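Peer 1:
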Amino acid sequence: MDDLKRVLLVGVGLIGGSVALAIKKEHHVHIVGFDVKLDNCQLAKKLNIIDDFTEKLEEEASKADLIILACPVDKAEQILEKLSVLPLKEDVIITDVGSTKAKIMEKAEEYFNNGIPFIGGHPMAGSHKVGPGSARAHLFENAFYVLTPSQNATNGKIDILKKWLKGTNANFIIMDPKEHDLVTGVVSHFPHIVAASLVRQVENHASQNEHVKYLAAGGFRDITRIASSSPEMWRDIVKHNQPILLSLLDQWMSEMNEVRQLVEEGDNEELYHYFDGAKKYRDSLPVRAKGAITAFYDLYVDILDKPGVISDITTLLAQENISITNIRIIEAREDVYGVLRISFQTEKDLERAKVCLENRGYETYISM
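If you're matching positions, the sequence shown starts at 1 in full-length UniProt numbering and goes up one per residue.
#1: Considering just the uninterrupted stretch of the beta strand (DSSP E) at N171, what are its terminal residues?
#2: At which residue ranges does the stretch 14–71 contain complete beta strand (DSSP E) runs of 3 or more residues, listed in the order of the chain?
#3: Pick out whichever of S229, E347, F53 and E90 has its Cα sitting closest to the Cα of G126.
#4: Nearest to A170 by alpha carbon, out of K178, D349 and L161?
#5: Whole alpha helix (DSSP H) runs in the stretch 143–207 with 4 or more residues, listed along the chain?
#6: Return the chain-ordered list of same chain residues with a C-beta closer than 8 Å to the C-beta of I366, the five sequence neighbours on each side being excluded.
#7: Can you tell me which residues form a DSSP beta bridge with residue 372?
#8: Between which residues of its own chain and W234 is the CB-CB distance below 7 Å, once the five residues before and five after are set aside?
#9: Please classify V303: does DSSP put it in a helix, a strand, or coil?
#10: Output yes or no for whether 8 Å exceeds the beta carbon distance between N152 and F118.
#11: Pairs of beta-carbons, one from the stretch 51–59 and one from the stretch 22–41, closer than 8 Å: are there three or more?
#12: Mind checking L43: buried by the 16 CB within 10 Å criterion, or exposed?
#13: Given a threshold of 16 other Cβ atoms within 10 Å of its Cβ, counted over all protein chains shown, does K37 qualify as buried or as exposed?
#14: Take Y111 as the anchor and find which of F220, P231, H122 and E77 has the nearest alpha-carbon.
#15: Determine the burial state of T224: buried for a count of at least 16 other Cβ atoms within 10 Å of its Cβ, exposed for fewer.
#16: Roughly how many angstroms separate the alpha carbons of L304 and C356, rounded to a whole number?
#17: For residue 378, which beta-bridge partners are listed by DSSP?
#18: Bridge partners of S343, per DSSP?
#19: Tell me which residue opens and which closes the alpha helix (DSSP H) that I366 is part of.
#20: Three-state secondary structure (DSSP) at L9?
#21: Exposed or buried, what is A278 when buried is set at 16 or more other beta-carbons lying within 10 Å of its beta-carbon?
#22: Roughly how many angstroms lie between the CA atoms of L66 and L9, to the nearest whole one?
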């Protein structure tokens, strides 16, 4: 890839922009962006995420060596149909970054029976932030990056795509599309539905009791943080993974019926066994590994209520050139240690902050 290759990035947001930056880190390429939001393209070019942008998708697609669909799945399927009738380069590779794979792979097999390889992709990392301004080359570092090759995608083509994406420093996994949708449904899509439903339940109670909202500001807000993800994205994910999610909902309702019976009977041993089993399995999961749901790098700090203490902490971190993404005083702390929660973008920043503050006498905790 020493020659100047061309990449067409369809969808210039957080994920697409981060992929583009990762590619630029390893390859000397010309990246052209296309987005229905022209502002995204203009900002991305200003930030050197892309080299140029176009409003003529068809014209640029015919020049591209790599086409990345980083737009919503519904839109990606429409783009695939357009691409299938264009005079694309013989050795072009087309990939996407969507959270569901079965349906788009079916479309790819239908549209590209001419030998052009489509390799579905799902980088399992993200952020609560959106837009190209939040894009980072290291966003996918050590994260799982699932690839779902079509029948036209040989091992050689898969290897070429991995070389394109080398700068992500991600862990690539080859999966069957249906297996992917099942696994991500279990560990990502379904938990988002549960988190949203818990929030809605609290909202209903909060309308009747003003204390609910204030007491939900602590641990409850943290465990349901994923409910703040993009509603448009999750609407589309539910639509595209509907059969699996319906099955998981049925299983969940069965589980909740069993839990209801446990609560109703109030048997000490059975209740203990249920919570103990959940604790043991949860504690056996990898602690800092990046999974299907984005990890949060939070540090909890015990502080006294005195003037200047927060300023002192932020100054100490700034002196060590450690960036923070959020800082918040925790009021309802029944299930967390610490008064102050500081959020970081990477695990490395979290560990550095912990050492920095403890060296200055602060007591810190990392939630496990």
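Even glycine gets a Cβ: it sits at the ideal position worked out from N, Cα and C.
Since the structure is predicted, the reported quantities are computational estimates derived from the model, not experimental observations.
Peer 2: For this structure:
#1: As a working mapping, residue 171 is identified with position 171 in the sequence shown. Residues N171 to I174.
#2: 29–34 and 66–69
#3: Start at 1 with the first residue of the sequence shown, and residue 126 comes out as number 126. Looking at the Cα atoms, S229 is the closest of the given residues.
#4: Within the sequence shown, residue 170 is the residue found at index 170, counting from 1. Looking at the Cα atoms, L161 is the closest of the given residues.
#5: 155–164, 177–184 and 190–206
#6: Locating residue 366 in the sequence shown gives position 366, counting from the first residue. Here the set comprises D298, L299, Y300, L350 and K354.
#7: Shown here, the chain extends from 1 to 368; a query on residue 372 therefore has no answer.
#8: Within the sequence shown, residue 234 is the residue found at index 234, counting from 1. Here the set comprises H192.
#9: Here the question's residue 303 lines up with position 303 in the sequence shown. First, the amino acid is wrong: residue 303 is Ile here, not Val. In the structure shown, I303 sits in coil (DSSP, three-state: anything other than H, G, I, E or B).
#10: For this step, residue 152 is matched to residue 152 along the sequence shown. For this step, residue 118 is matched to residue 118 along the sequence shown. The answer is yes: Cβ separation under 8 Å.
#11: yes
#12: As a first step, residue 43 must be located in the sequence shown, where it is residue number 43. L43 should be labelled buried.
#13: One-based indexing of the sequence shown puts residue 37 at position 37. Per the 10 Å Cβ criterion, exposed.
#14: Position 111 of the sequence shown, counted from the start, is the residue given in the question as residue 111. Comparing Cα-Cα distances from Y111 to each of F220, P231, H122 and E77, the minimum goes to E77.
#15: Counting from 1 along the sequence shown, the entry for residue 224 is found at position 224. With 16 or more other Cβ atoms within 10 Å, it is buried.
#16: Against the sequence shown, residue 304 aligns to sequence position 304. Against the sequence shown, residue 356 aligns to sequence position 356. So the alpha carbons of these two residues sit roughly 18 Å apart.
#17: This structure gives no information on residue 378, because the portion of the chain shown stretches from 1 to 368.
#18: As a working note, residue 343 is residue 343 in the sequence shown. In the DSSP output, where bridge partners are listed per residue, S343 has D298 and N326.
#19: Taking the sequence shown and counting its residues from 1, the one referred to as residue 366 is at position 366. Careful: I366 lies outside any alpha helix (DSSP H), inside the beta strand (DSSP E) at E363 to I366.
#20: Within the sequence shown, residue 9 is the residue found at index 9, counting from 1. It is a strand residue.
#21: Here the question's residue 278 lines up with position 278 in the sequence shown. Exposed is the call here.
#22: As a working note, residue 66 is residue 66 in the sequence shown. As a working note, residue 9 is residue 9 in the sequence shown. Rounded to whole angstroms, L66 to L9 spans 8 Å at the Cα level.
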